[in-house]
Amino acid sequence: MSRIFAISDIHVDYSQNLEIVKNWSDDEYKNDVLILAGDVTDSLDLLKSTLIILREKFSKICFVPGCAISDLINLIKDKFCIGNHDLWVRKHRDGNSDSLIKFAQVLELCQRINIDTKPICVSCIDESKVWLIPLYSWYTQPEEDHIDSLYYPYSTENKQMTQEIWSDNYNCKWPDGMLSTVSEHFADLNYDFINCDYREPVITYSHFLPRQELIRSNCDEDTAVENERELVGLTKLDYAKRQGALVGFNFSRYAGSKYIEKQLRQCKSVMHVFGHQHRNRDRVIDNVRYVSHCLGYNKERQEGLLWGLHKWKNAPKMIWPVSTD
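Each residue of the sequence shown is one higher than the one before, starting from 2 at the first, in the working numbering.
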């Protein structure tokens, strides 16, 4: 019997983050399942060693791929959520590879070390059962498909600066001749998952955001950030809504895809776990609970921008059974 925990954006390329992950309890989670919602590392060697560390701490790791080569999906046994950083290609290390080839390498790695990438049913400590369903995804930029994109313009946006500082524009490499947007390519891979009849409650998970409303914080989340900052000895933010974001940068250009929301509704999800934005969320919209619990970067933690990390001691957050506190 298990509990289900979630975390994302652990970025173990940074030594502080790797030490945090290594220091998670070796005993507390032995029977539990971890949803790891992307952005671990772009190094295959470090990814392997990190996932092995986590497999020794948890009963199962669920880590959902963000893009795929269709005929490789049938090879996968386990759940793993790849974020955008996980598919970065660096010429000095990866040569003339591209992000689809990198994805195939990640899938092969997951198969070898028994990491989950398909739906599984988990028996929980409260005697409930719940399905964990990965939704492969990517973000849609407004120029690619303005209907699917989560983009919204605002008056202080600096488009050139936003595009120049977004590292995916340099580190993700897609093959020529793709017949769809990258986000549509991902969404097509979910067809079999979302068309099943799940008799138990469903928790879906992706790396990217499913809804535009989740990009900006609400009043409760603003208060939670202020409380987090107080716990680490900081004063209130001058501009609470920006929460540390660079002036002029418009994250919504790269936030996610409406395909994710459509598909999580199609499989009747009661909860959706995501990551990517390094700002934590936990709210209910139209009877679905949306949870983002990011470890993020050391500077973000020092500034108290990732609320909930103090409570969970920089470790994963329990999301099922649902806490009553």
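All C-beta atoms, glycine included, are put in the ideal place defined by N, C-alpha and C. Bear in mind that the values here come from a model prediction, so they are computed numbers and not experimental data.
For residue 275, the pairing in a beta bridge is given by DSSP as 293. Annotation: residue 48 to residue 55 spans about 11 Å, alpha carbon to alpha carbon.
For residue 37, the uninterrupted beta strand (DSSP E) segment begins and ends at 34-37. In the structure shown, the three-state DSSP call for residue 111 is helix. Cβ atoms of residue 3 and residue 126 come within 8 Å of each other, at about 7 Å. For residue 225, no beta strand (DSSP E) segment is defined; the enclosing uninterrupted segment is the alpha helix (DSSP H) at 220-232. A distance below 6 Å between beta-carbons, with the five flanking residues on each side excluded, links residue 162 to the following residues of its chain, in chain order: 249.
Secondary structure of residue 216 (DSSP, three-state): coil. Looking at 304, 317, 298, the one whose alpha-carbon comes closest to that of residue 274 is 317. For the set 294, 122, 181, the Cα lying nearest the Cα of residue 149 is the one of 181. With fewer than 16 other beta carbons inside 10 angstroms of its own, residue 168 counts as exposed.
For residue 286, the secondary structure class from DSSP, reduced to helix, strand or coil, is strand. Comparing C-alpha distances from residue 313 to each of 294, 321, 19 shows the shortest one belongs to 294. One alpha carbon belongs to residue 304, the other to residue 239, and they sit about 13 Å apart.
The beta-bridge partner set that DSSP reports for residue 7 consists of 36, 318. DSSP places residue 270 in the strand class (E or B) of the three-state scheme. For residue 5 and residue 37, the gap between their C-alpha atoms comes out near 11 Å. In terms of Cα proximity to residue 296, the closest of 40, 288, 106, 31 is 40. As the crow flies, the alpha-carbon of residue 196 is around 8 Å from that of residue 267. By the 16-neighbour rule on beta-carbons within 10 angstroms, residue 193 is exposed. When C-alpha distances from residue 23 are compared across 289, 58, 279, the shortest belongs to 58. Here residue 279 is near residue 10, since their CB atoms are less than 7 Å apart. DSSP places residue 166 inside the alpha helix (DSSP H), whose first and last residues are 160-166.
Burial check for residue 61: the Cβ neighbour count within 10 Å reaches 16 or more, so the residue is buried. Assigned with DSSP and collapsed to three states, residue 210 falls in strand. When rounded, the separation of the alpha-carbon atoms in residue 135 and residue 64 is 8 Å. In this chain, the alpha helix (DSSP H) harbouring residue 48 covers 45-58. The beta carbons of residue 140 and residue 184 sit about 6 Å from each other, so the pair counts as a contact at 8 Å. If you compare the alpha carbons of 121, 204, 46, 257 with that of residue 13, the shortest gap goes to 46. With a threshold of 16 other beta carbon atoms within 10 Å, residue 236 falls short and is exposed. Taking the CA atoms as reference points, residue 302 sits about 38 Å from residue 199. In the three-state scheme derived from DSSP, where H, G and I count as helix and E and B as strand, residue 117 is classed as strand.
Remark: C-beta atoms of residue 308 and residue 225 approach each other more closely than 7 Å.
Looking only at 179, 214, 43, 299, the smallest Cα-Cα distance to residue 287 is reached by 214. Taken through DSSP and simplified to helix, strand or coil, residue 261 comes out as helix.
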